[in-house]
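Novice: Residue 757 in the working numbering sits at position 189 of the sequence shown; the count goes up by one each step and never skips. Glycine included, C-beta positions come from ideal geometry on N, C-alpha and C. Here the structure is a predicted model, which means the values were calculated and not measured. Take a look at the following structure, please.
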Amino acid sequence: SGWRGGGRSSALLLICFNSRYFCTFLTLEVASPLVNLLPTCNGEITTMSFLQDVVDILLQYVVKSFDRSTKVIDFHYPNELLQEYNWELADQPQTLEEILLNCRTTLKYAIKTGHPRYFNQLSTGLDMVGLAADWLTSAANTNMFTYEIAPVFVLLEYVTLRKMREMVGWPGGCGDGIFSPGGAISNMYAMLIARFKMFPEVKEKGMAAIPRLVAFTSEHSHFSVKKGAAALGIGTDSVILIRCDERGKMIPSDLERRIVEAKQKGFVPFLVSATAGTTVYGAFDPLIAIADICKKYKIWMHVDGAWGGGLLMSRKHKWKLNGIERANSVTWNPHKMMGVPLQCSALLVREEGLMQSCNQMHASYLFQQDKHYDLSYDTGDKALQCGRHVDVFKLWLMWRAKGTTGFEAQIDKCLELAEYLYNKIKNREGYEMVFDGKPQHTNVCFWYIPPSLRGMENSEERTSRLMKVAPVIKARMMEYGTTMVSYQPLGDKVNFFRMVISNPAATHQDIDFLIDEIERLGQDL
């Protein structure tokens, strides 16, 4: 019983019983604190004890994450954390007690992204079933490239992607897809496949063998569209940004004008990336009109629904994605609006087999053609990665636990909370909305106007002072640790708060707290 954790207490016990073993035991422990953990012979008890200690640490953190009396963040500046703890890697191993202390310290300064008052990013919340699934996935520790080493996970990916394609509106869930390391990579996959579809020779011969390509996306779209163009050798200058209306939606007439203009210059339009839920405004591009234009000019239509794709689960809100069924590909991130633990992003492709043709390299040491099972379940050759993490199990297990109706209720609640916030501040003294009208998603964009600026007319001085308000309030939020919400400038608009709600743990009281806290922290500015 004295061996719990294999740490220093066991060494002290041996010192008491037999001091002549002291040097021998201490040397053994310092040389290898893992000597008593599996796969060491007879390491089961020590391993179970150590892992139970880790689980206890994790469970305490989980409970604290939902406790509103705890801080969202225990903020320290980078140099403070670097000086306060020794984070360096050493030649000699630490004891298991020190390893457990490392775990506690890491979580002490981690951001509690599951906290009901954490609103900083699109990915928030902490789902218990998803967490359990993530633990199981890590314990299984396998790769997604072949059925032979991930049989259940490969089948679950097949089933889940088909269900997601059904929800997009493709008949019978037809098509293909893959889980990738985030929406940026999913968007790049779409660009890669669209290019291959138009010019399959690019796979062998490269960009020099094909005409100058151009892609189109809205000026409010995610930066990953340009990043993908840079990575694929297409170039950021070949991504043409389309104007948006005052709500952040792409203007179809400007899209068509720019397509015609590009063709007249001898460029080849190959992709339009529409957005269903922009990062800042939460806007949904008019997909039906965009689909008509893509059909007219024979251009691949991609929908980046990383943020807004979850609304397909809601009968009340899915109309905002009308026309998505006409897309050639769709990005959908369940780790955002659906609250699946990071990371969980899917690329869905309407044409079956295209992804395989685009990416396969026929590595004979992995994808032998004379295996004794259906080779269509060896999905690794259609991916850019060789090593691919199991991301599907979290989503699949949560879907089993909640059902589609459970996800629907969760998403509807978040959208209702956003509307509640909008209604609270739209006519409240000290607040100005960035755009008029109820938000389409959970993004609520606003300026807080401190008392010192409320009587000022619009001027360069007022704008300059207003620009500094949100950053100061945000810094104070982090230093107090009470809440977190993001801010940014956009176009000619100076820094404003962008509130997003994707955490089902949040309530009306948390929204009220946020408003009060912004006013408390910004009154003196």
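Quick check: the Cα distance between residue 661 and residue 686, rounded to an integer number of angstroms?
Specialist: To locate residue 661, count along the sequence shown from 1; it is residue 93. To locate residue 686, count along the sequence shown from 1; it is residue 118. Their Cα atoms are separated by approximately 36 Å.
Novice: What are the complete alpha helix (DSSP H) segments, minimum 4 residues, inside the segment 623-673?
Specialist: Whole alpha helix (DSSP H) segments, 4+ residues: 646-652.
Novice: Using a Cβ-Cβ cut-off of 8 Å (strictly less than) and excluding sequence neighbours within five positions of residue 815, which residues of its own chain qualify?
Specialist: What you label residue 815 is simply residue 247 of the sequence shown in a count that begins at 1. Only 849, 851, 1003, 1005, 1008 meet the Cβ criterion.
Novice: For the beta strand (DSSP E) holding residue 1064, just list the boundary residues, first then last.
Specialist: As a position in the sequence shown, residue 1064 is number 496, starting the count at 1. Run containing residue 1064: 1061-1067, per the beta strand (DSSP E) assignment.
Novice: Am I right that residue 829 and residue 810 are in contact with their C-beta atoms under 8 Å? What's the rounded C-beta distance?
Specialist: Position 261 of the sequence shown, counting from 1, holds the residue named residue 829. Position 242 of the sequence shown, counting from 1, holds the residue named residue 810. Contact flag wrong, Cβ pair sits at about 11 Å.
Novice: Taking the alpha-carbon positions, what's the residue 796 to residue 754 distance?
Specialist: Taking the first residue of the sequence shown as position 1, residue 796 is located at position 228. Taking the first residue of the sequence shown as position 1, residue 754 is located at position 186. Near 10 Å, if we compare the C-alpha coordinates of residue 754 and residue 796.
Novice: Considering only residues of the segment 832-881, which uninterrupted alpha helix (DSSP H) runs meet the minimum length of 4 residues and lie entirely inside it, listed in chain order?
Specialist: Correct list: 855-865.
Novice: Are the CB atoms of residue 946 and residue 934 within a distance shorter than 9 Å?
Specialist: As a position in the sequence shown, residue 934 is number 366, starting the count at 1. As a position in the sequence shown, residue 946 is number 378, starting the count at 1. For residue 934 and residue 946, yes; Cβs fall inside 9 Å.
Novice: According to DSSP, which residues form a beta bridge with residue 955?
Specialist: The count along the sequence shown starts at 1 and reaches residue 955 at position 387. Answer is none; residue 955 lacks a bridge partner.
Novice: Measuring only the C-alpha atoms, how far is residue 963 from residue 832?
Specialist: For the purposes of this step, residue 963 is identified with residue 395 of the sequence shown, where counting begins at 1. For the purposes of this step, residue 832 is identified with residue 264 of the sequence shown, where counting begins at 1. Each residue's Cα considered, the two are about 46 Å apart.
Novice: Here's the rule I'm using: 16 or more other beta-carbon atoms within 10 Å means buried, otherwise exposed. How should residue 897 be labelled?
Specialist: The residue you call residue 897 lines up with position 329 of the sequence shown. Buried, because 16 or more other Cβ atoms sit within 10 Å of the Cβ of residue 897.
Novice: Is residue 744 helix, strand or coil by DSSP?
Specialist: Taking the first residue of the sequence shown as position 1, residue 744 is located at position 176. Residue 744 falls in the strand class under three-state DSSP.
Novice: By the three-class DSSP mapping on this structure, what secondary structure does residue 609 have?
Specialist: Taking the sequence shown and counting its residues from 1, the one referred to as residue 609 is at position 41. It is coil, neither helix nor strand.
Novice: Going along the chain, which residues of its own chain have a beta-carbon closer than 7 Å to the beta-carbon of residue 1033, five neighbours each way excluded?
Specialist: Sequence index remark: in the sequence shown, residue 1033 carries index 465 (1-based). The answer, listed in chain order, is 1021.
Novice: If you draw a straight line from the C-alpha of residue 870 to the C-alpha of residue 782, how long is it?
Specialist: In the sequence shown, residue 870 corresponds to position 302, counting from 1. In the sequence shown, residue 782 corresponds to position 214, counting from 1. Distance between the alpha carbons of residue 870 and residue 782: 14 Å.
Novice: Go ahead and pull the three-state DSSP assignment for residue 1014.
Specialist: In the sequence shown, counting from the first residue as 1, residue 1014 sits at position 446. Residue state, collapsed to three classes: strand.
Novice: Can the beta-carbon of residue 1038 be found less than 9 Å from the beta-carbon of residue 1015?
Specialist: Here residue 1038 is taken as the residue at index 470 of the sequence shown, counted from 1. Here residue 1015 is taken as the residue at index 447 of the sequence shown, counted from 1. Cβ distance < 9 Å, so residue 1038 and residue 1015 count as in contact.
Novice: What are the boundary residues of the beta strand (DSSP E) that residue 753 is part of?
Specialist: Here residue 753 corresponds to residue number 185 of the sequence shown, with the count starting at 1. First-last for residue 753: 751-766, but that is the alpha helix (DSSP H), not the beta strand (DSSP E).
Novice: Pull up the CB-CB distance for residue 677 and residue 650, whole angstroms please, since I reckon it's below 8 Å.
Specialist: Residue numbering aside, residue 677 sits at position 109 when the sequence shown is read from its first letter. Residue numbering aside, residue 650 sits at position 82 when the sequence shown is read from its first letter. Not really, about 12 Å apart at Cβ, beyond 8 Å.
Novice: Would you grab the beta carbon distance between residue 855 and residue 842 for me? Rounded to a whole angstrom, and I think it's under 8 Å.
Specialist: For the purposes of this step, residue 855 is taken as the residue at position 287 of the sequence shown. For the purposes of this step, residue 842 is taken as the residue at position 274 of the sequence shown. Confirmed, Cβ separation roughly 6 Å.
Novice: Compute the beta-carbon to beta-carbon distance between residue 633 and residue 699, rounded to the nearest angstrom, for a pair I have assumed lies under 8 Å.
Specialist: Here residue 633 is taken as the residue at index 65 of the sequence shown, counted from 1. Here residue 699 is taken as the residue at index 131 of the sequence shown, counted from 1. The pair is not a contact, with the Cβ atoms about 10 Å apart (cut-off 8 Å).
Novice: Going straight from the alpha carbon of residue 853 to that of residue 784, what length do you get?
Specialist: For the purposes of this step, residue 853 is taken as the residue at position 285 of the sequence shown. For the purposes of this step, residue 784 is taken as the residue at position 216 of the sequence shown. Their Cα atoms are separated by approximately 13 Å.
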